[in-house]
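Asks: What follows is a structure written as structure tokens; I'll ask about it next.
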Amino acid sequence: MALRHYSLLTIRSSFYTASMSKRIAGPEIERLIQLLAKVPGLGPRSARRAALHLIKKKEQLLAPLAAAMGEAVDKVRVCSTCGNVDTSDPCMICTDPRRDPTTIIVVEDVSDLWALERAGAMNARFHVLGGTLSPLDGVGPDQLTIKQLVTRIAEGGVSEVILAVNATVEGQTTAHYLTDQLSGFDVKITRLAHGVPVGGELDYLDEGTLSAALKSRTVF
Ligand code: ZN
């Protein structure tokens, strides 16, 4: 019985390997699929679907996408001031005169900057750390843009630093480290409120979130 089971598994796995290694298109299309599969949110199956869609819409989609990607490769820069990505250095946010230069929102990643900009709640400047402190993964202060942030604050003109890091252990560790690094400057350090999400029902929240919401309650 055990042997039969083993054989079945062997046959299955060899079939799987054979079907995986079997090419379904020329090397150019295979390469397109392989690269698309590396995009976050796309697995091999979605990558094949996306590649086929692009190929079918060659003129309307594939060619403009290739041109846009080519331009992005040529022009995308990392802002030497804030760590944002843009086609100019300093980036559009750093050079926008309508933004409040006295407030800097510190985020872990550019995706967080984009998320906060979508919310449109503040018209401040940003600082992208490039991750969070994580000694186990070999990420120390030197791997992040912490020195650049300290330099920005030391240059003066900033009155508030908002730590908009994730509510994870690494995010909070990073927030504590930053608070320590900026303690010598005359700058107010704030962090995002933790608590009940807009439209959230208390019964569905975890104890940690409820406890944080109670502790950071505000006057109604
Ligand atoms: Zn910038």
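First residue of the sequence shown: 1, per UniProt numbering; consecutive thereafter. All residues carry an ideal CB built from backbone N, CA and C; glycine is no exception. In this text the structure is predicted, and so the values were computed from the model without any measurement.
Report yes if the C-beta distance between residue 232 and residue 84 is below 8 angstroms; otherwise report no.
Replies: This structure gives no information on residue 232, because the portion of the chain shown stretches from 1 to 220.
Asks: Just curious, the alpha helix (DSSP H) that residue 193 is in, first and last residue?
Replies: From DSSP, residue 193 is part of no alpha helix (DSSP H); its letter is neither H nor E.
Asks: In the DSSP output, which residue or residues are listed as bridge partners for residue 163?
Replies: 106 and 191
Asks: Could you name the residues, in chain order, whose CB is less than 6 angstroms away from a heavy atom belonging to ligand 1?
Replies: 79, 81, 82, 84, 90, 91, 93 and 94
Asks: Could you give the first and the last residue of the continuous beta strand (DSSP E) run that contains residue 124?
Replies: 124–128
Asks: How close, in whole Å, do the beta carbons of residue 202 and residue 210 come, if the pair is a contact with beta carbons under 8 angstroms?
Replies: 7 angstroms
Asks: How many Å lie between residue 125 and residue 137 at the Cα?
Replies: 29 angstroms
Asks: Kindly indicate which three-state DSSP category residue 90 falls into: helix, strand or coil?
Replies: coil
Asks: Using 10 angstroms around the beta-carbon of residue 48, count the other beta-carbons present and answer buried if the total reaches 16, otherwise exposed.
Replies: buried
Asks: Assuming residue 188 and residue 216 make a contact with CB atoms under 8 angstroms, what is their CB distance in whole Å?
Replies: 16 angstroms between Cβ atoms; not a contact.
Asks: Express the C-alpha separation of residue 109 and residue 102 in angstroms, rounding to a whole number.
Replies: Roughly 21 angstroms separates the two Cα atoms.
Asks: Tell me where the alpha helix (DSSP H) around residue 48 begins and ends.
Replies: 44–56
Asks: Going by alpha carbons, who is nearest to residue 98 out of 107, 122 and 65?
Replies: 122
Asks: With 16 as the cutoff for other CB atoms within 10 Å, does residue 87 come out buried or exposed?
Replies: Counting Cβ neighbours within 10 Å, residue 87 comes out exposed, since fewer than 16 surround it.
Asks: Can you find the residues in the same chain that come closer than 7 angstroms, C-beta to C-beta, to residue 30, ignoring five residues on each side of it along the sequence?
Replies: 23
Asks: To the nearest angstrom, how far is the alpha carbon of residue 45 from that of residue 32?
Replies: 13 angstroms
Asks: Secondary structure at residue 211, three-state DSSP: helix, strand or coil?
Replies: helix
Asks: Distance check for residue 91 and residue 141, CA to CA, integer angstroms please.
Replies: 23 angstroms
Asks: How would you label residue 175, buried or exposed, when you count the other beta carbons within 10 angstroms and need 16 or more for buried?
Replies: buried
Asks: So what does DSSP say about residue 16, is it helix, strand or coil?
Replies: Reliability of the predicted coordinates at residue 16 is poor, the pLDDT of 48 falling under 50, and no value is obtained from them.
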